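Mapping of the sequence shown onto the working numbering: position 21 corresponds to residue 24, and the numbering continues sequentially without gaps.
Worksheet: one structure, shown below.
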Amino acid sequence: MATEKRPNVKDVEDLQIFCLFDSTTGHYVEWFHYTEDHEAYHGSSYKDRRDMTLDEFATGLKRLSDDAIFPEVPTDQQITIAPKNLDGSTIHIKRPGLKYYLGAEKEAECATKDQELAEVFTTESISKTPHPYLVRYHGCTVRRGRITGIAMERLGETLSHYARCPGGCISEHKTMFDQIDKQAFLAGVESAVKFLHSLGLAHNDINPRNIMVREARKCLNPGFFTLFFDGHPSCGLSCHGGARERTLMETTACP
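Take a look at the structure:
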């Protein structure tokens, strides 16, 4: 019998980990991993996350079928295809939100893929008229005839993180955030929101954790990941990397 292929996991930071509560054991852990070829893997355990070793995480991974999570590239609507040789230092790939795949049946799988495809179409629509305060879109990543992610401009920090000093420290008691023109910053946010509304779209979850900061000519500009919906929430696509995947509607970039 052939041994099932497993990805080479070198660190727990290569995984997306969710610690859940089980009424019997008190512990339940789900974890996911994407390979460089955009293959998705999943594992689960009733052990305490703190007691698990890297080897247990790695050997517990099983391949998820492409059909379960990745929508096919549409044939009736044109989309932008991102190049395969993307620079990870400047591009962030938003992956399907696997947290919402847990225990999915066929109907749930279809709903997840439909939501991902809807986000692609929305992002395509927004990118036709680029806005200076929205994160730049670089197209969809495609493997095996399916959309495996959305390539976006990578920004290092959220407003929430930046305001606490990382990336913007001047001294022990002063940060770059203390010196920025906050009225101008908020005006940029408002400009982006009004632009979305002009397209009949809504963000639905504006907060410091999903406003990104971009430093250019020593000025900070707010940026949003383009997760925008027609007045209703969606699972959307997730952040890829470590245990930092965001929950519903949160769009923080990975470090």
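For glycine and all other residues, C-beta sits at the position ideal for the given N, C-alpha and C.
Since the model is a prediction, treat every value here as computed from it, not as a measurement.
Check for me: the beta strand (DSSP E) holding residue i runs from which residue to which?
i, result
"F35", "Y31 to Y37"
"Y140", "Y140 to R146"
"I84", "That residue, I84, is in no beta strand (DSSP E); it is neither H nor E in DSSP."
"E156", "R149 to E156"
"S47", "A43 to S48"
"L23", "Q19 to L23"
"K97", "I94 to P99"
Drop a sphere of 10 angstroms on the beta-carbon of residue i, count the other beta-carbons inside from all chains shown, and report buried for 16 or more, exposed for fewer.
i, result
"C222", "In this prediction, C222 has a pLDDT of 42, which is less than 50 and means its spatial position is unreliable; what the coordinates show is noted afterwards. Result: exposed."
"R98", "buried"
"Y140", "buried"
"E122", "buried"
"P133", "exposed"
"T254", "Note that T254 scores a pLDDT of 31, beneath 50, so its modelled location is shaky; the value from the coordinates is reported in the next line. T254 should be labelled buried."
"C22", "exposed"
"Q19", "buried"
"T144", "buried"
"K197", "exposed"
"E160", "buried"
"Q81", "exposed"
"E119", "buried"
"T229", "With a pLDDT of only 41 at T229, under 50, the local geometry of the prediction cannot be trusted, and no value is derived from it."
"T62", "exposed"
"G29", "exposed"
"T125", "buried"
"K116", "buried"
"A85", "buried"
Can the beta-carbon of residue i be found closer than 8 Å to that of residue j?
i, j, result
"F73", "W34", "no"
"T78", "E127", "no"
"I214", "L162", "yes"
"K65", "H45", "yes"
"Y136", "S194", "yes"
"F265", "Y165", "Only positions 4 to 258 of the chain appear in this structure, which leaves residue 265 out of reach."
"G259", "E75", "Beyond the ends of the chain as shown, which are 4 and 258, falls residue 259; an answer cannot be given."
"G152", "H41", "yes"
"P10", "T27", "no"
Could you check where the alpha helix (DSSP H) with residue i kicks off and where it finishes?
i, result
"L57", "L57 to T62"
"A195", "K185 to S201"
"L162", "L162 to A166"
"I72", "D69 to I72"
Does the Cβ of residue i lie closer than 7 Å to at least one heavy atom of the ligand ZN?
i, result
"T126", "The ligand ZN is not part of this structure, which contains no ligands at all."
Beta-carbon of residue i versus every beta-carbon of chain D: anything under 8 Å?
i, result
"R167", "Of the protein chains in the structure, only one exists, and it is not chain D."
Given 8 Å, three or more beta-carbon pairs between the segment 145-158 and the segment 190-209: no
Are there three or more Cβ pairs, one per stretch, closer than 8 Å when the segment 41-59 is compared with the segment 10-17? The segment 41-59 vs the segment 10-17: in contact.
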